[in-house]
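Following: one structure in structure tokens, then a few remarks.
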């Protein structure tokens, strides 16, 4: 199925790899993969306490804050990176030792992971109101609605109602998408492609 709606309410919840919390697995490839052997994985997590990230060797990760006041990431090189809800994303190696400090209360985050040298990805934020075109040039495209109102997505003539807090996964369907939002919209757009070298 080229287009799949992703709803955290019906997705599989499971413990973090390090046991320090729980994650909601929205999509994974291959479909029967686990945390040690996936090619790519998309998930959300509710983070309620400060703590260290799970280690994922040979994995590239991107992280965005969907709800809450934000988080401060303490990087292995001593640098600190602050992520705010609806803001920029963080990119890091899965084996990097990173700890998270909540700024003021729990957050919900969006986590994208791809196996290095097999898949690559980029995660960007998109804000607009009205009608907007989006070129899909990815093998796998994720649209995650981080706003409070719905977005209508026309993908190849098929209309998809993307509710707030839900995602749309489009696989192997390149072409122009048409997005419509009656209210100010905020999407996280992830493009996943196989590595060619």
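Residue numbers (this note's numbering): -17 to 179.
For each residue, glycine too, the CB sits at the ideal point set by N, CA and C.
Going by DSSP, name the residue or residues bridged to residue i.
{"i": "residue 102", "result": "175"}
{"i": "residue 88", "result": "In the DSSP output, where bridge partners are listed per residue, residue 88 has none listed."}
{"i": "residue 26", "result": "6, 92"}
{"i": "residue 44", "result": "73, 94"}
{"i": "residue 83", "result": "54"}
{"i": "residue 144", "result": "133"}
{"i": "residue 34", "result": "81"}
{"i": "residue 11", "result": "22"}
{"i": "residue 163", "result": "112"}
Compute the distance between the beta-carbons of residue i and residue j, then report whether it is under 8 Å.
{"i": "residue 36", "j": "residue 105", "result": "no"}
{"i": "residue -10", "j": "residue 8", "result": "yes"}
{"i": "residue 166", "j": "residue 111", "result": "yes"}
{"i": "residue 56", "j": "residue 81", "result": "yes"}
{"i": "residue 101", "j": "residue -2", "result": "no"}
{"i": "residue 76", "j": "residue 40", "result": "yes"}
{"i": "residue 28", "j": "residue 71", "result": "no"}
{"i": "residue 174", "j": "residue 121", "result": "yes"}
{"i": "residue 34", "j": "residue 58", "result": "no"}
{"i": "residue 142", "j": "residue 150", "result": "yes"}
{"i": "residue 103", "j": "residue 94", "result": "yes"}
{"i": "residue 68", "j": "residue 146", "result": "no"}
{"i": "residue 49", "j": "residue 170", "result": "no"}
{"i": "residue 53", "j": "residue 85", "result": "yes"}
Would you mind reading off the limits of the beta strand (DSSP E) that contains residue i?
{"i": "residue 122", "result": "122 to 127"}
{"i": "residue 61", "result": "Counting along the chain, residue 61 falls outside any beta strand (DSSP E), and DSSP gives it neither H nor E."}
{"i": "residue -14", "result": "-15 to -12"}
{"i": "residue 149", "result": "149 to 153"}
{"i": "residue -5", "result": "-6 to -3"}
Around the C-beta of residue i, are 16 or more other C-beta atoms found within 10 angstroms, so that it is buried, or is it exposed?
{"i": "residue 178", "result": "exposed"}
{"i": "residue 6", "result": "buried"}
{"i": "residue 163", "result": "buried"}
{"i": "residue 119", "result": "exposed"}
{"i": "residue 42", "result": "buried"}
{"i": "residue 60", "result": "exposed"}
{"i": "residue 62", "result": "exposed"}
{"i": "residue 51", "result": "exposed"}
{"i": "residue 125", "result": "buried"}
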